[in-house]
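One structure is given here, and the rest of the page talks about it.
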Amino acid sequence: MPPKRTQPLSPSTSTATPSCTQSVTDLSGVLDGVTIRSKRLREEECMTDFMGGMMNLLREFKNEQNRKFDALRDSISGIQVQQKEKLNYLQQITDEIRKQNDAIDLENNELKEKVQKIESTAYIRTLENKIEVMERQVRCSSIEIRNVPVMKSESKEDLLNIVLSISTALNVKASASDNSGLVKLLMSLYYKALILTVPIGTIRTMVSLRLLKKK
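Per full-length UniProt numbering, the sequence shown runs over residues 1 to 215.
Shown next as structure tokens:
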């Protein structure tokens, strides 16, 4: 017995519920239990999530930078304090060194003055020694005559005559030309004496006469 075939229903007479893949004009009844999500809404949500994540990253980065900046600022402040202390210490050392230099300069000036005085004193002593040596050399070739009375009106010729008289009495040859350097010096002392220096031999000698008057 051949099977019976049923004729397919026409679209207009079909009572079956259309599927979601079929092109249906009115989907209000078909999609009552189905959640519809728009594609644009999904993109906006993804963008919102992305922006939120980026904001969180930027916020964390900012906080981290702020912490680093605070730490750097504290470090710089500490370094500034240390540098200020070192600068004050160096300033104190510089002031002490300057004071020491001033003291050394003062000592050097004092030492220079002392050295100059010593040199001057040594130079004066050297001159005195030279003068003394010269006087000794002159005295070696001279004769001193003491206790010669002083005359009221005394001249160079009178003194020269006295020297010549004494040289004649002593049998010593002397002439007026040998005594051209006769010098008279007056001094006030406690005793009275006349010192005549007469040359001996051919040595040129300065004859000095010192009249010492008692006060």
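Quick reminder that beta carbons are idealized off the backbone N, C-alpha and C, glycines included. All of these numbers come straight from a predicted model, not from anything done at the bench.
Contacts around residue i, its chain only, beta-carbon distance under 8 Å, and the 5 residues preceding and following it disregarded
| i | result |
| --- | --- |
| Cys-46 | none |
| Ser-180 | Confidence in Ser-180 is poor, its pLDDT being 48 and thus under 50, which makes the residue's placement unreliable; the coordinate value appears in the next sentence. None. |
| Leu-106 | none |
| Met-134 | none |
For residue i, three-class secondary structure by DSSP
| i | result |
| --- | --- |
| Ser-120 | helix |
| Asn-171 | coil |
| Met-151 | coil |
| Gly-52 | helix |
| Glu-110 | helix |
is_contact[residue i, chain D] using C-beta, thresh 8 Å
| i | result |
| --- | --- |
| Lys-112 | Absent from the structure is chain D; it holds one protein chain and no more. |
Spatial neighbours of residue i in its chain, beta-carbon cut-off 7 Å, leaving aside the 5 residues before and after
| i | result |
| --- | --- |
| Gly-52 | none |
| Thr-48 | none |
Close-in-space but distant-in-sequence residues of the same chain around residue i (CB under 6 Å, 5 per side omitted)
| i | result |
| --- | --- |
| Arg-98 | none |
| Ser-120 | none |
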